[in-house]
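Novice: Mature numbering (1 follows the signal peptide of the UniProt record, and there is no 0) puts the sequence shown at residues -21 to -1, 1 to 519.
Below you'll find the structure I mean.
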Amino acid sequence: MSSKILAVFTAAFATSSFVVGGAAATAQTDQVSTDAAGHVIAIEPAAPAAAPTGATTDSSAAARSHAPKLAKQFRVTVGELALSDVTSLPGGSVARLQQKINGVPVYGAQIVQDLDGNGALLAAVGKTSQRTTGAFPADAAAAQALAGKAALDAVANRDSTAKGLRAGAAQTYWYDASLGGEAQDAAAVPAYFVPVRGADPEDKWTVVVRAESGQVQTVWGEAKHAANRVVCDAKRKIVDLDVATEADIRCGTGLAFGVTRKEGQAAVATQDVNKVYDYFGAAQDFYSQYTGYDLTAKIGADFGDGRGKALRGTVRMCEISTESDGLRHTQCPWANAFWDGEQMAFGEGVTTMDITGHELTHGVTQHTSGLDGGYAAQLNEGLSDVFGKFIAIKANDPNATGANRWLLGVGSSLGQVRDMKTPANSGEGPGPDRVNGAYWTGPNGDPHTNAGVVGKADFLITDGATFNGQTIRGIGENKSIALWWKVENLLRPNSTFKDLGIALNSACTTNAKTGVAGTTTADCTQVANAVKATQLNIAP
């Protein structure tokens, strides 16, 4: 992987006259950010670009009205932009435009519009592909079968300890490696995204295979890591993670683990159960109050057991698995916790509020920006740290006060696992406090390590400090939460750390324009200083 740093500069982009509200508008000069290759990555109109008459109360219609001009500004020379999603946020909404070529999406090629309450365009961030090479095979079934075999071989070579590998149905995408920050020639190629699962429920990979040749392009592991709550006690039952599936961990009536405490039920004798029940409630309350996001409705699981869609967790699980030494090891108590795409699982004592919030936020990211693979997986971990810690802070959790304010995992059987203020002191191992700084691992390292940069940025933006030549005045918790929530919704599946820096600055600017959480332009100066201090303004 090349370590060449791509400079990003801002240039004036003179637009031609275009129609706003049915009348010709005067040409404006928009601020356009590009990378060193000249690819547009962000646009901020000199003045909010109003939606046409009739679209001001319909955010979907407003988003579609801005699409033709954005296609020109982002230089979409192949395919088209299609509206894929609109999410209401404080002060307006964000809308995703997905690039498609002959009806097939280009993975991660999205333009995310930041709209005010009247549908006016405040900013747009994203990346798109400029050209294609190759074509999908006429015999799709044979090509997908070949891709499945290539995917299994790739995972087996990557992890020789993985058991019971099986390939799922391939998904069809165009794949442009440059959109995720890869130092490769920018072109979209026809590809199959093949999900591979192992016997262990935590073993999940996505393998990108070129459609015509069966050549593997990249492999990544998925991040793993009023309420309706269902909590089950495994009672220290040992689960064989070499052969277990999601069904072997499920919590619910008549499932692998029976219900110990359900919504509205009084506390029970097992404290791990009560703690997770309370922490689920704190996370639900946080997302509802500060972001308007219904955590249960969005990421809850309905297993058909009559409990409905619920936040579910299995606690006090023990495990046996084959470790890197080739031997079978039993852990009881089990020192881990993870989100498996459906629900949560906890070892005994691994039940702090910030760890619970961290894992639930993986579920949120799964349903919003979809960050996955390479640098995006590291951002996924970082955002889970950010919101896990905010959940604990806002709930006045004793483990998030005083000296513990920016430590993640205090009070658990693991001890503190991450120091967001000083990432080099993280319990799981030192992490970087700036892009390309000490302990930086590149795109293929442990995703928890580079997450330190995201945590450091959160600390600086919220509380402030003097760091790396920049003095930052903290903007406070509420403004910072609103900022990071906008960022969560602006990022794309393969965003990079540079994209995070762009999103932080853009989100603050638009929050200031719409008065979200009382954000001001002076606050955005501080955010920009924090971006510089953590070197999120440069490419890895």
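From the three backbone atoms N, C-alpha and C, an ideal C-beta is built for every residue, glycine too.
Exposed or buried, which one is Thr293 when buried takes at least 16 other CB atoms within 10 Å?
Specialist: That one is buried.
Novice: How would you label Gln194, buried or exposed, when you count the other beta carbons within 10 angstroms and need 16 or more for buried?
Specialist: With fewer than 16 Cβ atoms within 10 Å of its Cβ, Gln194 is classed as exposed.
Novice: With distances taken from CA atoms, which of Gln92, Gly328, Phe369, Asp221 is nearest Glu302?
Specialist: Cα-wise, what sits closest to Glu302 is Asp221.
Novice: Where does Leu339 land, buried or exposed, given buried means 16+ other C-beta within 10 angstroms?
Specialist: Flag for Leu339 reads buried.
Novice: Please state if the CB of Ala276 and the CB of Met332 are separated by a distance shorter than 7 Å.
Specialist: Not in contact: Met332 and Ala276 (Cβ atoms no closer than 7 Å).
Novice: May I ask you to report which of helix, strand or coil DSSP gives residue 580?
Specialist: Because the chain in this structure spans residues -21 to 519, residue 580 falls outside the shown range and cannot be described.
Novice: How close, in whole Å, do the beta carbons of Asp227 and Val238 come, if the pair is a contact with beta carbons under 8 Å?
Specialist: Incorrect: roughly 17 Å between the Cβ atoms, too far for contact.
Novice: Taking 8 Å as the cut-off, does the segment 75 to 90 touch the segment 470 to 490 (at least 3 CB pairs, one atom from each stretch)?
Specialist: They touch, by the three-pair rule.
Novice: Buried or exposed: where does Ser67 fall if 16 or more other Cβ atoms within 10 Å of its Cβ makes it buried?
Specialist: So Ser67 counts as exposed.
Novice: Take Asn404 and list the residues in its own chain whose beta-carbon comes closer than 7 Å to its own, dropping the five residues that flank it on each side.
Specialist: Answer for Asn404: Asp398, listed in chain order.
Novice: Contact check, Val389 vs Asn378 under 8 Å by CB: the rounded distance?
Specialist: Sure, about 4 Å apart at Cβ, within 8 Å.
Novice: Have a look at Ala190 and Ala130 and give me their C-alpha separation to the nearest angstrom.
Specialist: Near 12 Å, if we compare the C-alpha coordinates of Ala130 and Ala190.
Novice: Between Asp412, Thr112, Trp464, Arg145, which lies nearest to Ala509 when the distance is taken from Cα to Cα?
Specialist: Selected option, being the one with the closest Cα: Asp412.
Novice: Is it buried or exposed, Asp118, if we count other Cβ atoms within 10 angstroms and call 16 or more buried?
Specialist: Label assigned to Asp118: exposed.
Novice: Are the CB atoms of Ala61 and Lys79 within a distance shorter than 7 Å?
Specialist: Yes; because the gap between Cβ atoms is below 7 Å, this pair is in contact.
Novice: If you drop the 5 nearest sequence neighbours on each side, which residues of the same chain put their C-beta closer than 6 Å to that of Glu360?
Specialist: Taken in chain order, the residues that qualify are Pro426, His427, Ala430.
Novice: Mind checking who Ala323 pairs with in its DSSP beta bridge?
Specialist: One point to set straight first is that residue 323 is Met, not Ala, in the sequence displayed. In DSSP, Met323 forms a bridge with Gly292, Trp318.
Novice: Looking at the strands, I want to know which residues DSSP matches up with Cys211.
Specialist: For Cys211, which the question treats as bridged, DSSP gives the partners Val238, Thr293.
Novice: Under the three-state reduction of DSSP, which class applies to Phe282: helix, strand or coil?
Specialist: Note: Phe282 maps to coil in three-state DSSP.
Novice: Give the DSSP-derived three-state secondary structure of Gly231 in the structure shown.
Specialist: Coil, per DSSP.
Novice: With H, G and I counted as helix, E and B as strand and the rest as coil, what does DSSP make of Ala512?
Specialist: If DSSP states are grouped into helix, strand and coil, Ala512 belongs with the helices.
Novice: Under 8 Å: do the segment 253 to 267 and the segment 344 to 359 share three or more Cβ pairs, one atom per stretch?
Specialist: Taking 8 Å as the limit for Cβ pairs, the verdict is that the segment 344 to 359 does not touch the segment 253 to 267.
Novice: Can you tell me where the beta strand (DSSP E) with Val175 in it begins and where it stops?
Specialist: Note, Val175: beta strand (DSSP E), 168 to 176.
Novice: For the alpha helix (DSSP H) that contains Val218, what are its first and last residues?
Specialist: Not the alpha helix (DSSP H): Val218 falls in the beta strand (DSSP E), residues 217 to 219.
Novice: Is it buried or exposed for Thr488, if we count other Cβ within 10 angstroms and need 16 for buried?
Specialist: Burial call: buried.
Novice: Evaluate Thr500 with the Cβ neighbour count: other Cβ atoms within 10 Å of its Cβ, from every protein chain shown; 16 or more gives buried, anything less gives exposed.
Specialist: Thr500 is exposed by the Cβ-count criterion.
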